[in-house]
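Trainee: Sending over a structure as structure tokens; questions will come in a sec.
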Amino acid sequence: MLHERGFIAACDGNLSVRLDRHRVLVTPTAMSKGMMKPADLVIVDMAGRKLEGRREVTSEIGMHLLIYRMRPDIHGIVHAHPRTATGFAAAGIALDQPLVCEVVIGLGQIPLAPYGTPGTPELAATLEPLIPDFDAILMANHGVVTYGADLQSAYMKMETVEHFAQIALVSHLLGRQQPLEGAEIEKLVVARNKYQGVKSAAPMPVYACADTDTRRRSKSQSKSELPNAIVSLLRS
């Protein structure tokens, strides 16, 4: 689905799933995700050492491991380069205006992390201050990372980010953006907490909070199904 929707091209992007406290299933480096098969996936430990797999792990594994360490509620991560959202990242513009009620309820702000060189510890370091409070982050001059209770949740957040980026761009081209005001935002946050059925343990960034249902949902797929699930998300 990532490949079909144009969220990734060539060898771009990477996905991962937390298998348990000590192991992570992740996509390999230097391979088109549209042609990837379950056997191409790699299992690493929480230090990034390869445990299983015939291919080499993505060079951006450090970003995934940092998110898992900082967010015990997270079990799936998607990193991609969707066109519009990445355009905002390349322009140095965060998606942090409350323009659409569904985004306020479902995701909250989408901040912009400073540029970090891919494949280096610098990349993860730029994300670190934002990881506890947000479930989607624009990466300056690079792309987007989203994460959730499972891989499907992380993917749906990537769709939401790109959809919202398109709406934000259109409203800008029309010459007028009309953000929701504080009173409306407060009502949406209350509605969100009521809908989710639980309050977030994370601090609330300006007008919304990090994903709350990740702290109570169980993983919807068995470990034996995960390789095929990852491939189905990547391919058409």
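Residues in the sequence shown are numbered from 99 upward in steps of one, following the numbering used here. Note that CB positions come from ideal geometry on N, CA and C, so glycine has one too.
1) With three or more C-beta pairs closer than 8 Å as the rule, is the region 105-124 touching the region 134-151?
2) Does the region 286-293 come close enough to the region 196-213 to have 3 or more Cβ pairs within less than 8 Å?
3) If you measure from the CB of Met254, is any heavy atom of the ligand NAP nearer than 7 Å?
4) Could you tell me if Leu210 is buried or exposed, where buried requires 16 or more neighbouring beta carbons within 10 angstroms of its beta carbon?
5) Starting from His177, follow the beta strand (DSSP E) in both directions and report where the run begins and ends.
6) Would DSSP call Ser157 helix, strand or coil?
7) Could you tell me if His240 is buried or exposed, where buried requires 16 or more neighbouring beta carbons within 10 angstroms of its beta carbon?
8) Pick helix, strand or coil for Ser114, following the three-state DSSP scheme.
9) Compute the beta-carbon to beta-carbon distance between Ala223 and Gly214, rounded to the nearest angstrom, for a pair I have assumed lies under 8 Å.
10) If you count every other CB in all the chains shown that lies within 10 Å of the CB of Asp171, and 16 or more means buried, which is it?
11) For Leu168, which residues of its own chain have a beta-carbon under 8 Å away from its beta-carbon, when the five flanking residues on both sides are left out?
12) According to the neighbour-count rule (16 or more other Cβ atoms, all chains shown, within 10 Å of its Cβ), is Lys285 buried or exposed?
13) Which residue wins for smallest C-alpha separation from Ser251, given the options Gly190, Asp233 and Asn112?
14) Drop a sphere of 10 angstroms on the beta-carbon of Arg119, count the other beta-carbons inside from all chains shown, and report buried for 16 or more, exposed for fewer.
Mentor: Concretely, from the data shown:
1) yes
2) yes
3) Of ligands this structure carries none, so the ligand NAP is not represented either.
4) buried
5) Gly174 to Ala178
6) coil
7) buried
8) strand
9) 6 Å
10) buried
11) In the sequence as displayed, the identity of residue 168 is Met instead of Leu. Cβ neighbours of Met168 beyond the five flanking positions: Glu226, Ile229 and Pro230.
12) exposed
13) Asp233
14) exposed
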